[in-house]
């Protein structure tokens with residue numbers, strides 16, 4: 014852990030230097046890039062989506078080299094060909110801010126152990142899923158998923174079925190986190206670009222509430238039917254009262270509050286990230302070892318995210334610049350097109366870079382620059398529906414596959430380790446995405462984005 018903390022603080026120091034040189038994106042203009050330089054970004058996303066399924070052992074051993082190598086191509090191109098170092102420094106700022114938030118929430122939530130025994134009734138499950146959908150806006154979809162998935166499986170141990178875990182992925186690991194920049198990585202990237210913190214809540218709460226209530230209602234119907242089929246003996250075991258909820262590591266709530274407050278700090282540049290990393294360090298060293306042990310906490314997931322996203326952030330710079338300057342030639346103009354376009358790509362690619370690419374395209378459509386704070390104010394006033402559609406598409410559609418959002422695959426792995434026979438990649442899409450999510454997303458399009 015000491016090595017990881019040293020790296021985090023070193024990055025935070027580099028961030029302060031970068032911000033002093035680049036003004037964190039103000040005045041940074043897109044470059045006229047060769048379309049060929051978009052290829053590393055395509056290869057990066059393709060590798061993340063496909064390589065683990067082709068040869069998982071090779072990917073686990075070599076993904077750092079793939080990420081750094083592809084990212085380095087873009088860095089060298091911007092330094093020696095385009096001579097646009099400020100553009101890279103602005104991207105560095107966004108990357109460190111992104112990792113500081115994701116990493117600190119991961120560490121703090123990993124120090125809170127939630128244990129619950131007793132009832133596994135449909136109403137208890139609905140309450141837990143609804144609670145998780147709300148909490149994901151406070152600790153992120155990753156934090157909420159890691160906090161709740163194991164107790165959720167333990168509570169349902171006598172009658173756990175794949176649909177229990179799938180609806181957990183729908184509600185806690187994805188859709189639940191659509192109300193705040195803390196909830197899901199794409200929304201935090203939008204916050205870093207200048208979208209106000211509570212703006213997302215103002216434009217998304219009705220859509221969020223509709224989606225959550227519909228999915229909870231469908232889950233309750235399925236779970237009641239499953240519950241009624243249990244034998245009398247097993248139903249007695251399921252309905253035993255047992256113990257109420259118990260928590261370990263509640264001191265981490267103070268560190269969580271510190272992270273939430275630091276999100277609103279904009280000046281001096283770099284202070285926000287240093288406070289987040291400091292909260293993570295404080296949490297790690299003050300959390301009882303039993304809480305980490307019960308959560309099976311380790312740094313492997315956040316290490317993978319940090320390494321992969323350094324390649325994603327670097328390689329997507331040419332794609333963002335090209336979209337800013339050529340958006341009008343793509344033929345994507347209506348709010349509905351941005352909703353479905355962002356959503357479909359977010360289902361199979363990581364939703365954070367997909368969100369940024371479509372947001373950049375939307376700005377370019379109206380001859381505006383995403384990196385300009387004044388253009389952001391103008392866009393949110395005149396074209397806010399585009400941002401609404403892109404935000405909902407990126408967060409909601411991340412639930413469509415195991416690779417649409419980071420927590421999905423982690424939840425699947427934990428469930429399989431616990432003995433749950435999870436569906437395959439295509440089984441998930443055919444049996445659950447097409448049956449439950451696609452009709453819901455069509456209804457949302459009909460009521461909110463069709464015009």
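Numbering (the numbering used here), first residue to last: 14 to 464.
Built from N, CA and C at the ideal position, the CB exists for glycine as well.
All of these numbers come straight from a predicted model, not from anything done at the bench.
Within 9 Å, strictly: CB atoms of residue i and residue j
i, j, result
"residue 211", "residue 193", "yes"
"residue 76", "residue 320", "yes"
"residue 80", "residue 324", "yes"
"residue 410", "residue 228", "no"
"residue 407", "residue 359", "yes"
"residue 311", "residue 43", "no"
"residue 47", "residue 331", "yes"
"residue 318", "residue 123", "no"
"residue 114", "residue 289", "yes"
"residue 166", "residue 431", "yes"
"residue 206", "residue 369", "yes"
"residue 417", "residue 361", "yes"
"residue 345", "residue 163", "no"
"residue 444", "residue 452", "no"
"residue 292", "residue 262", "no"
"residue 103", "residue 384", "yes"
"residue 278", "residue 284", "yes"
"residue 235", "residue 191", "no"
Alpha carbon of residue i to alpha carbon of residue j, nearest angstrom
i, j, result
"residue 139", "residue 397", "33 Å"
"residue 404", "residue 203", "9 Å"
"residue 133", "residue 161", "14 Å"
"residue 54", "residue 155", "24 Å"
"residue 422", "residue 415", "5 Å"
"residue 308", "residue 108", "27 Å"
"residue 214", "residue 146", "14 Å"
"residue 239", "residue 175", "12 Å"
"residue 136", "residue 300", "32 Å"
"residue 374", "residue 339", "8 Å"
"residue 354", "residue 88", "28 Å"
"residue 348", "residue 371", "11 Å"
"residue 34", "residue 95", "Because residue 34 carries a pLDDT of 46, less than 50, the predicted location of this residue cannot be relied on, and the following value inherits that uncertainty. Near 18 Å, if we compare the C-alpha coordinates of residue 95 and residue 34."
"residue 37", "residue 125", "Note that residue 37 has pLDDT 46, beneath the 50 cutoff, so the model's placement of it is unreliable and no number is given."
"residue 243", "residue 84", "54 Å"
"residue 69", "residue 170", "29 Å"
"residue 280", "residue 274", "13 Å"
"residue 39", "residue 458", "Its pLDDT being 49, under 50, residue 39 is placed unreliably by the model, and the measurement read from it follows with that caveat. Approximately 34 Å, taken between the alpha carbons."
"residue 446", "residue 412", "8 Å"
"residue 425", "residue 380", "42 Å"
"residue 241", "residue 62", "39 Å"
"residue 400", "residue 183", "22 Å"
"residue 200", "residue 462", "19 Å"
"residue 82", "residue 226", "44 Å"
"residue 92", "residue 45", "14 Å"
"residue 282", "residue 222", "35 Å"
"residue 294", "residue 391", "39 Å"
DSSP-derived helix/strand/coil call for residue i
i, result
"residue 439", "helix"
"residue 30", "The predicted model places residue 30 with a pLDDT of 49, which falls under 50 and marks its position as unreliable; any figure quoted below should be read in that light. Correct three-state label for residue 30: helix."
"residue 339", "helix"
"residue 399", "helix"
"residue 380", "coil"
"residue 54", "helix"
"residue 277", "coil"
"residue 354", "helix"
"residue 96", "coil"
"residue 210", "coil"
"residue 312", "coil"
Reference residue i; option with closest CA among the options
i, options, result
"residue 357", "306, 455, 169", "455"
"residue 100", "78, 329, 311, 52", "329"
"residue 438", "56, 67, 44, 45", "67"
"residue 429", "83, 289, 269, 179", "179"
"residue 313", "74, 195, 60", "74"
"residue 185", "226, 148, 433", "148"
"residue 196", "286, 157, 440", "157"
"residue 267", "440, 56, 151, 93", "151"
"residue 209", "241, 460, 393, 231", "393"
"residue 276", "90, 98, 110, 49", "110"
"residue 58", "91, 364, 302, 219", "364"
"residue 232", "177, 302, 198, 90", "177"
For residue j and residue i, believed in contact at Cβ under 8 Å, the rounded distance
i, j, result
"residue 376", "residue 388", "7 Å"
"residue 224", "residue 188", "5 Å"
"residue 121", "residue 296", "5 Å"
"residue 112", "residue 335", "Residue 112 to residue 335, Cβ: 25 Å. No contact."
"residue 490", "residue 118", "For the chain, the structure presents residues 14 to 464; residue 490 sits outside this window and is missing."
"residue 64", "residue 72", "4 Å"
Min CB distance residue i to chain C below 9 Å
i, result
"residue 144", "The structure shown contains no chain C; it is built from a single protein chain."
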